[in-house]
Each structure stands twice: as C-alpha cells, then as structure tokens.
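See structure below.
2 protein chains.
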Amino acid sequence: MDKKDLPPPFLDLVRDDLVRSEALLHRRLPDQHEAIGAAVEHLVGSGGKRLRPALVFLSSHLCGAEQEPATFAAAAVEMLHTATLIHDDLIDGALTRRGIETLNASWTPGATVLTGDYVFARAAHLLSQAGNIRLMSRFAETLMIICNGEIRQMFDGRHGETTFAEYERRIYAKTASLIALAAESGPILAHSSEEQIAALRTYGEYLGLAFQVVDDILDFVADEATLGKPVGGDLRQGLVTLPLLKFLAVHPDHPAIRRVLDGDTSRAAVQEAVRVVAASPEAIGGAQAVAEEYIRRAKESLHGQCFRPPHGERYRAALLSLADFVVRRRF
Amino acid sequence: MDKKDLPPPFLDLVRDDLVRSEALLHRRLPDQHEAIGAAVEHLVGSGGKRLRPALVFLSSHLCGAEQEPATFAAAAVEMLHTATLIHDDLIDGALTRRGIETLNASWTPGATVLTGDYVFARAAHLLSQAGNIRLMSRFAETLMIICNGEIRQMFDGRHGETTFAEYERRIYAKTASLIALAAESGPILAHSSEEQIAALRTYGEYLGLAFQVVDDILDFVADEATLGKPVGGDLRQGLVTLPLLKFLAVHPDHPAIRRVLDGDTSRAAVQEAVRVVAASPEAIGGAQAVAEEYIRRAKESLHGQCFRPPHGERYRAALLSLADFVVRRRF
C-alpha cells in the first residue's frame, strides 16, 4: 500500500458514522425505476473522498448534535454533491470522473438531466429527515449559489481575462459554498450559538477555497491514473485557474499558453501548456501559497471558541488536522 | 371579451392572495446573475393558469393555515412547476409554451439545465420560508415522483403499447402528484387531522388526473392559438394518451394512426391522425367521461369532512366549483 493511500487520522473518529451515511446513500426506494437505482449506485459507489459527510459528522460531534439528524444531513450533503456532478459532467461533456464512466457517457442528455433532478430531490428528502428548517434553507441557498456561479461563468467567462477576485468568487460558488454548508451543519443541528455557527462556516469556506485551489494545482501536476480523469481538463475548456493566473502574471505572452487560450485545444498543445505551467515555481508554488494562506485562516477561525466538553478539544484537533490534510493531499 | 376569458368565480376568493405570491415569484435576489433574473421573469411572467397556487390558498383558508406560510408555499409550488417545465421543454425540444418562446429555444442546453436547477433551488428556498418540515419532505418526494415517472417513460415507453393503468400511472407522476401537493399544503400548514390531510390529498390527486386528461384531449381538439403550442404534440413524440387509447380500443388498425405510430411524424401525417381522433366520439367522449369520473371522486373526497368554521363551507364550495371548472375548461 502506497503511503498516500493511508487514511488520514481524523477519519478514524467518524468511521462508524460514515458507515451509517453510506447505508443511506445506497438505500433503494420502493417505487424507484431500476435505471435510477443503477445510476445512483454507480455514482455514489465510485467512492470520492467523502470529505463533506466527514465534515458534517466532525462538526456535529464538536457541537453535540444528535447522531440521527447528523447522519441524514451527511448523506444529504454528499447526495447534493453527486447531483451537481451529474449535471456538470453533462454540460462539460466529461466522459470519466474518479476513473469511472460518467452517466452522460452512455445515457442520453434527457435521461442524464432527469437523473440529476431525481438526485437533487433525493438529497432534499434525506435532509428533510434531519428535521431542521434552517439547514434546509441553507441547503437551498447553497444550490442557488452553485448554479448562479456556473451561469455567471458560462455567460461572462472570457479566455484569459480572469482576475484573482473573479477566480475566488467562482471557486467559492463551485466548491467552498457546499463545504461550508457541511461544516456549519453540526452547530446548526446542535442549536449552537450564532458565533459558533459563523466560526464553523468560516472554517468551511476557507477549507473549501483551499480544496479547490489544490484541485486546480493537481489538474496540472497530477498523473492521470491518480487523478481519475485527464490532466489539463480546465485548460482544454479555456478555464483559467490559479496556477495559470500566477504563471500569466510573470509570463503574460508565453506562446504555449497563448496557443491554447487562442483556441488550439489539440492534445499536443494542451500537453505542452500543462508541462510549461507544471514546471513553473511561480505557478505551482504561488498557487500552493494561496492555498496555505486559506488553510491558515480556516484554522484561525476555530481559535478562541469554547466547544462542548468533554470531546470538544478532540474534534477541534481533528478539524485542524483535516485542514492540513486538504492542503497537502496529492489526489 | 370572449366568455372563456372570464375568470372562474373561485378565483375571486384568492385574488389578493395570488397578488402576494406573484410578488414572491417576481422578486430578484441580490447576487442573482441578470440572465437568471431575465429567464425567471420570462417564465413566471408568461402567465399560466396559477391553478397550483390557487389550490394552496383555497386549502389553506379551508383549514385555517396562516397567511404568510401559505403565501410562501403557493409561490414555491408554482416555482417547482416552472422548474420542471424548463427541463421538460429542453428534453422534448419544445420551442414554445403558452405562446411564448421556451428557454431552450434561444439558450444552450447547458445554460438551460443550470437555470432549471437554480429554479428548483429557488422553489425549495421559498418553501423553507413556510417553516414546515413535513411540507418540505412532501415537496422533495413529489419531485422524486415526477422525475421517476419521466425516466420510466423514457426507458420503458413503447409506441402504441400503453395500457390504461400505465397511462394513469404516468399522468399521476407527471401532473397529479404536484397538484395533490398543492391541495394538501393547506391542511399540512394548519396542522389539521390526518383524515383532513388525506381528504385534500385525494381531492388533489383526482383533480390532477382529470386536469391532465383534459390537457390530453385539448392536444387533439384545441386550436393552436388558444393552446399556445402546436396541437398533436404528444402524437408527434410517439406518446399515446387517453383519447388515442380510447380510439385504438375501437379502431386498433386505423391506417392514419398506424402511420404516425410507425414513425411518420411529418406535418401532414400528424394533422390527419389528429383530425381522425378529434372527430371520434369514442376517443373524445370516452376520455371526457374518464375525466368526469375523476372529478366525481375528487368532489366526493371532500364530503363528510367538517372544515373550520366560519368559512369552511365557502372554501369547500370553491374547491367543488374549481373541480367542475377543470373538467369543462377549453384552454
């Protein structure tokens, strides 16, 4: 077993919890069409890091939320994440994710749209079983933020014209908003103070921003087998992410990059651009420094809060270790 | 003013309510991209019968639910209906609805998928403001039923092989489930007895089944200007609805019908098939008789219930009159 495959230690604290939320994710409903059952099984069975449900459980333990609502919330957040991926992959025309075939690779667009809708509804239904209106409201707001961000990117996105503020706004909508929802689920379910809810939300926002920056770095430096999809995918779609922004700040007219941004998305052109960015300390080191600053702020937000004894300190330490893990991960 | 344009009398009882729910439907949110704002405005501004919000208000008054939660629920149900239409029109490739252009007629499939998702989220968010977990759970279940029904039709639908039981199951999922949700919203918000919730739900289910049968009749007999879309649309998609089922029961091998079901969806072939079915008393009269039987059962479900004085009788009478209206409507 390769060292990177060892589970990070914070997962030990929520291992039993994750078994329960997995069972909810795999449960088939009586009237559900077998094609939906197979699709959901295929998608939730493909693994993924389960970062979001782990966060729901860690923040729930931290603040003393009850087990059953936390389990429904954890499954709901992962199911919502799955639903957004189904429609994203359809829109992007992606054929693999996490090394397995996407739904749209073999289904019609219509069936893929409807299955995504079904999975949204299933997520909302799971969450309703947690019995917390405030969390349901935040859930709906989060989906609005995600869709709004993607539509903004679709209508306003210009090749090569992204600023850092635009990039941050986009990855907040795309990734950090849902990770923040997972992190604030615990204190919301536990009816904690507004201060603690805000602290966990801030933690989740910065953790999510860092998570996406690392994803964007890996899209340049990872190998395809580890990544489970082709590298350079963002670039191929004309999407300027942080490593490239950092690269363009020092080499604004590099021909290998210009070529791709001007529309040559051939395999050779993308591979050359990826190689150039991956080899640049300004690009990779610069982006990594931003991720580390986000993680510093995520950890800072948990300082000075007095979480529920007797286990508060243990779960705070787990959240701090999870933050370190996110910025160091290489898969 | 043509007689059919006169508003049915039950609408008078909820006119002020509908003004409030319309205001919620048209409200733009601060961070919302202007393209979404314009799309939602275009869609909810195109009118529609507002049957679903009217039902939420009538059942709320009937059972004594409070005004503010009822208003959020009414707007949420109409918004959910709008979201399902966005994805339906995309999947069907429909270019007009209610006489105006659909979103997918001018937008990319990706933008249309995302806008539909946004509108789902907006509907869930509106409903969360009604503050009732049971209603949110029913809302999610209803969306699961709708998507499941469409997927079943997509995977299992065979030209000409529909039975009445399959037809009824399909229109329950497509139309009656959401109308039943609207009708049961009032007693759920009012925390009425389980018996009253079940009575209103049954009313809504039969009302919804009748509503769809009438829609399916109009797809053969209406004129296009009144309908706001081309007639014969179901037939063109190979969809066998009740008038055609009734027709095939007496003329199983009529050449004009066989031609279309065997795949000739030219304008001339569809027009001829529509003409043949529309002229058949077995087809149109037979389907109308089924709708009337549904309406009889819808009205029957409200008998023997003692609704909240002093206005209970007035709103029960309105629901009975709405049922009569649904089966007589010609638009």
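If you read the sequences in order, they're chains A and B. Under the working numbering, the first sequence has 443 at position 191, and the numbering climbs by one with no breaks. Under the working numbering, the second sequence has 302 at position 50, and the numbering climbs by one with no breaks. Cβ coordinates follow ideal geometry from the N, Cα and C atoms, glycine included. Note that the structure is a prediction, hence the values are computed from the model and not measured.
- Residue range 519-530 is occupied by the alpha helix (DSSP H) that includes residue 529 of chain B.
- For the set B:574, B:402 and B:279, the Cα lying nearest the Cα of residue 456 of chain B is the one of B:574.
- Interface annotation, residue 284 of chain A: in contact with chain B, CB-CB separation under 8 Å.
- Take residue 439 of chain A, set aside five residues on each side of it, and the residues of its chain with a beta-carbon closer than 6 Å to its own are 315, 448, 449 and 452, in chain order.
- Checking the DSSP bridge columns, you'll see residue 545 of chain A has no partner listed.
- For residue 391 of chain B, the closest alpha carbon among the candidates B:464, B:407, B:373 and B:517 is that of B:373.
- By the CB criterion at 8 Å, residue 355 of chain B and residue 403 of chain A fall outside the cutoff.
- Chain A has a Cβ within less than 8 Å of the Cβ of residue 339 of chain B.
- Ranked by Cα distance from residue 527 of chain A, the first of A:310, A:496 and A:428 is A:496.
- In the structure shown, residue 386 of chain B adopts helical secondary structure according to DSSP, grouped into three states.
- The alpha carbon of residue 554 of chain A has as its nearest neighbour, out of A:292, A:338, A:311 and A:426, the alpha carbon of A:311.
- Using a Cβ-Cβ cut-off of 8 Å, residue 377 of chain A is close to 389, 392, 393 and 396 of chain B, given in chain order.
- For residue 407 of chain B and residue 335 of chain B, the gap between their C-alpha atoms comes out near 22 Å.
- Nearest C-alpha to residue 433 of chain A among A:536, A:281, A:459 and A:295: A:459.
- Note that the segment 319-339 of chain A does not touch the segment 318-333 of chain B; fewer than 3 beta-carbon pairs, one per stretch, sit closer than 8 Å.
- Using a Cβ-Cβ cut-off of 8 Å, residue 470 of chain B is close to nothing in chain A; its nearest Cβ partner there is about 24 Å away.
- DSSP, reduced to helix, strand and coil, places residue 404 of chain B within a helical segment of the structure shown.
- With contacts defined by Cβ atoms closer than 8 Å, residue 394 of chain B and residue 430 of chain B form a contacting pair.
- Against residue 352 of chain B, chain A offers no close residue; the least beta-carbon distance is about 21 Å (beta-carbon pairs closer than 7 Å).
- Among the residues of chain B, none has a CB under 9 Å from the CB of residue 260 of chain A; the nearest is roughly 32 Å distant.
- Under the three-state reduction of DSSP, residue 349 of chain B is assigned to strand.
- Contact annotation: residue 441 of chain A and residue 400 of chain A have beta-carbon atoms that are not nearer than 8 Å.
- By the beta-carbon neighbour count (other beta carbons within 10 angstroms, threshold 16), residue 475 of chain B is exposed.
- Under the Cβ distance rule, residue 399 of chain B counts among the residues neighbouring chain A, one pair being separated by less than 8 Å.
- Residues of the segment 509-538 of chain B with a Cβ closer than 9 Å to any Cβ of chain A: none.
- Judged by pairs of C-beta atoms under 8 Å, the segment 519-535 of chain A does not touch the segment 546-564 of chain A, as fewer than three such pairs exist.
- Taking each of B:293, B:445, B:578 and B:509 in turn and checking the Cα distance to residue 317 of chain B, the smallest one comes out for B:445.
- Residues 489 of the same chain have their beta carbon placed closer than 7 Å to that of residue 344 of chain B, with the five preceding and five following residues left out of the count.
- Put simply, the backbone Cα of residue 405 of chain A is about 44 Å away from that of residue 313 of chain B.
- The DSSP assignment places 476-479, 485-488, 494-502 and 507-513 as complete runs of the alpha helix (DSSP H) inside the segment 463-524 of chain B, in order along the chain (cut-off: 4 residues).
- Contact note: residue 380 of chain B reaches chain A through 385, 388, 389 and 392, using a C-beta cutoff of 7 Å and chain order.
- Going by DSSP, residue 564 of chain B is part of the alpha helix (DSSP H) stretching over 564-580.
- Where residue 292 of chain B is concerned, the enclosing alpha helix (DSSP H) starts and stops at 286-296.
- Following the DSSP letters along the chain, one finds residue 305 of chain B inside the alpha helix (DSSP H) bounded by residues 303-315.
- Counting only Cβ-Cβ distances below 7 Å, residue 495 of chain A has no contacts in chain B at all, with the closest Cβ about 25 Å away.
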